[in-house]
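Residue numbers (numbering that gives the first Met the number 0), protein chains in the order written: chain A, 0 to 192; chain B, 0 to 192; chain C, 0 to 192; chain D, 0 to 192. A virtual CB, placed ideally from N, CA and C, is assigned to each residue, including glycine. Contents: one structure, followed by commentary.
There are 4 protein chains.
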Amino acid sequence: MYPLPIEKLINLFSKFPTVGPRTAARFVFYLMKLPIEESNTLIESIVELKTKIKFCSFCFKPSENDLCDICSDPSRDKSLLCIVEKETDLETIEKTKKYKGLYFILGGTVSKLREEDIEKLRVRELREMIKNFKEVIIAINPTTEGEATALYLERLLKPLNIKITRLGRGLPIGGELEYADEETLSSALDNRK
Amino acid sequence: MYPLPIEKLINLFSKFPTVGPRTAARFVFYLMKLPIEESNTLIESIVELKTKIKFCSFCFKPSENDLCDICSDPSRDKSLLCIVEKETDLETIEKTKKYKGLYFILGGTVSKLREEDIEKLRVRELREMIKNFKEVIIAINPTTEGEATALYLERLLKPLNIKITRLGRGLPIGGELEYADEETLSSALDNRK
Amino acid sequence: MYPLPIEKLINLFSKFPTVGPRTAARFVFYLMKLPIEESNTLIESIVELKTKIKFCSFCFKPSENDLCDICSDPSRDKSLLCIVEKETDLETIEKTKKYKGLYFILGGTVSKLREEDIEKLRVRELREMIKNFKEVIIAINPTTEGEATALYLERLLKPLNIKITRLGRGLPIGGELEYADEETLSSALDNRK
Amino acid sequence: MYPLPIEKLINLFSKFPTVGPRTAARFVFYLMKLPIEESNTLIESIVELKTKIKFCSFCFKPSENDLCDICSDPSRDKSLLCIVEKETDLETIEKTKKYKGLYFILGGTVSKLREEDIEKLRVRELREMIKNFKEVIIAINPTTEGEATALYLERLLKPLNIKITRLGRGLPIGGELEYADEETLSSALDNRK
């Protein structure tokens, strides 16, 4: 057993995503050896994060202002909305420099469509603001959970009579035909060019 | 050291694809424990393979006849050719039931476009028979080696003035945006529907 | 679907240890491309294995003679017996050049001590020949199945009043304390030197 | 690009052991969604760690007092010293409840015995306090780096005429003979019992 302040901090770090007790312990020993100025910088940065950064009131992207840099950018196409699961997915799409519309961060996926899961998603917010768009791209991961979520969104948005699209399927770079599933390969054949 | 007949057989099995000396040894002990009728069946099946099966004279698919079942099937679309790297890729595409044209098995990929690698491919055979097609789909794996091979084929076939296409890029089932490269994600956006 | 002779051979190779249908198919295509002399050499080597190699009548090691090279070696210590699970374990121990006694290949492990599993082991043969030894080393893998087998053997051999030992526990080369289980680490402390 | 306070925090978390930029970003988004009381608890715990916890003046174990709970425990055997690489290794050995002596946390390993690496270790401190022990157990991981460190320590401590031991080698639980190196297996044979 470690002294109580160490155990407490191991416990708190263990709640971080991807972190187990063993890694949490390594984090604590790292902090112990850190010069006091550096641990103070870390603390100040956490305080700064919690006070200066909020979620964009439109797309839920972390932002210093009420509207994030994308939502307030006049050059973005206001008729196109891309629904993603989480912040990092938005960043990944931005990096392609291919997409010029707006985003909406859903905040998760549903598994088995349980009421409690759906309530955690920002679905109400999504329905309210979606009416003004010409096309909505559902850019949820094509995993099992993501597929369930995408289907749920399609059903939800269908009555609004907006064009709804999904990301194209195909072979990723480095992929091999031999290990591709039939649906992926069918799409790759359809989308050949 | 094992007795000589065992060492000899370990050595031969070690040349099989994906097999190292340790696995080769396990194969030999498996054969030792096999009832004699079953090892005879194995031997007879290898003899049968080497005497009854040849490569289709058109597409190089293994076949009992001069022309394979696909090449001799009157219902297949004779204006469409799909170039694949190896037999199992052809089977994978067939399983999708999406493709109704003919095939050509290239027999490998080129790496670094060395003369000796290119000579191992059935490129001469390909050029001769390709003239009668309307579209050639290059269905080589989008790996580094496969890309080099596909580029080489595109350059080779361009002067023939046939439509040349490549399999579509996109997110495979189970894939995640976060780990997708930019080109794959760009294609997935382009091919949305 | 492949032509029948190919399907038959894929089926036979799929029964080889560690081989699934996909790898079995690659084996068949490898054989197809093999020059006929080389596939004949393979067949001859299998025939030679099945006719020339038998199991040593004492230790069950594959051998060209009734007694294998180890069992018939006058310089080996006939008072020491090492029980191993399979042929490759015997070879691994021989490579250390540390052990000068005889071996007994058990031919497998028991899981859950079911009657049918125990009957597959060469337990009867083991009991008969074991009486003349001073020490029996149970060198079964310290996996869950191996442990069950070792316990079973210990119970079986105890009434014979022979010294029974097990391989020492400890940290393997490249191992890390952090990931070692308590029993392994306790043994490593006990066996320090 | 994320807002500056986020980028700054991603950068700080990226320096944590085992954390890359992608995981660091997930940590930041986790903190953003954390209720303010919980992020305050985290900050207070870090402050508590940095103010209340120091390194034991004898063994360098994190401790609330000048001497840690082990070093100040009168029931521990003061003639036995166990040198470990890091805090978690000490905890792992404590969990076995097998060892009743004292510890010394070296604080790392040397690679290639470069001056600058050795200076980072607490070698000077070790030499000073070691004279009163009857046995010193070098419990450094048997990895390549660990071996180099252990050899270095052995040379360093030899002139002091104290019994120096190393953790025993052998098969770990779950290990398999087939994959064991020769030295490990030799030790397992030597340490049989």
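- With respect to B:S38, C:K49 sits close: the two C-beta atoms are nearer than 9 Å.
- Secondary structure note for A:R165: its beta strand (DSSP E) is the uninterrupted segment K162 to R165.
- For D:D180, there is no enclosing beta strand (DSSP E), as DSSP marks it with neither H nor E.
- Taking a C-beta cut-off of 7 Å against chain C, the contacting residues of the segment 140-159 of chain D are N140, P141 and T142, listed in chain order.
- Taking 9 Å as the cut-off, the Cβ atoms of B:E93 and B:I69 count as close.
- Using a Cβ-Cβ distance cut-off of 8 Å, the segment 176-185 of chain B and the segment 152-159 of chain B are not in contact, since fewer than three pairs of beta carbons, one from each stretch, lie closer than that value.
- Following the DSSP letters along the chain, one finds D:K77 inside the beta strand (DSSP E) bounded by residues D76 to V83.
- The C-alpha of B:G106 lies about 15 Å from the C-alpha of B:L80.
- About 26 Å separates the CB atoms of B:I52 and B:I136; that is not less than 8 Å, and the two are not in contact.
- One alpha carbon belongs to D:E90, the other to D:S74, and they sit about 18 Å apart.
- Beta-bridge pairing by DSSP links D:L155 to no other residue.
- At a cut-off of 9 Å between beta carbons, C:S186 contacts chain D.
- Exposure of D:R126 is indicated by the presence of fewer than 16 other C-beta atoms within 10 angstroms of its C-beta.
- Within chain C, no C-beta atom comes less than 9 Å from the C-beta of B:E182; the nearest is roughly 28 Å away.
- Excluding its 5 nearest sequence neighbours in each direction, A:E6 has C-beta neighbours in its own chain below 8 Å: M0, listed in chain order.
- Among the residues of chain A, those whose CB is under 9 Å from the CB of D:L8 are L41, S44, I45, E47 and L48, following chain order.
- Only those residues of the segment 59-70 of chain C whose C-beta falls short of 7 Å from the nearest C-beta of chain B are listed: P61, S62 and E63.
- Taking the beta carbon of B:A24 as reference, the chain C residues within 9 Å of it are E86, T87 and E90, listed in sequence order.
- Runs of alpha helix (DSSP H) with 4 or more residues, each lying fully within the segment 29-53 of chain D, are found at 35-51, listed in chain order.
- DSSP places C:F15 in no beta strand (DSSP E); its state is neither H nor E.
- Among the CB atoms of chain C, none fall inside 9 Å of the CB of B:I82.
- Listed in chain order, the non-local C-beta contacts of D:L66 below 7 Å within the same chain comprise C55, S56 and F57, local neighbours out to five positions each way being set aside.
- In this structure, the beta-carbon distance from D:T164 to D:E84 does not fall below 9 Å.
- C:F26 sits in a helix when the DSSP states are folded into three classes.
- Taking all protein chains in view, the Cβ of A:K192 is surrounded by fewer than 16 other Cβ atoms within 10 Å, so the residue is classified as exposed.
- Inter-residue distance for B:V27 and B:D72 is about 41 Å (C-alpha atoms, whole angstroms).
- For B:S38, the chain C residues whose Cβ falls inside 7 Å of its Cβ are I45 and K49, in order along the chain.
- Annotation: Cβ neighbours of A:Y98 in chain B (cutoff 8 Å, chain order): L188.
- For C:I172, a Cβ of chain D is located within less than 9 Å of the residue's own Cβ.
- Annotation: D:L170 to C:T142 spans about 10 Å, alpha carbon to alpha carbon.
- When secondary structure is reduced to three states using DSSP, B:L8 falls in the helix class.
- For B:I161, the closest Cβ of chain A is not nearer than 9 Å.
- For D:I92, the enclosing alpha helix (DSSP H) starts and ends at E86 to T95.
- DSSP places A:E134 in the uninterrupted beta strand (DSSP E) bounded by E134 to I137.
- A distance below 7 Å between beta-carbons, with the five flanking residues on each side excluded, links A:L30 to the following residues of its chain, in chain order: S38.
- Listed along chain D, no residue sits closer than 8 Å to A:P20 by beta-carbon distance, the nearest being about 10 Å off.
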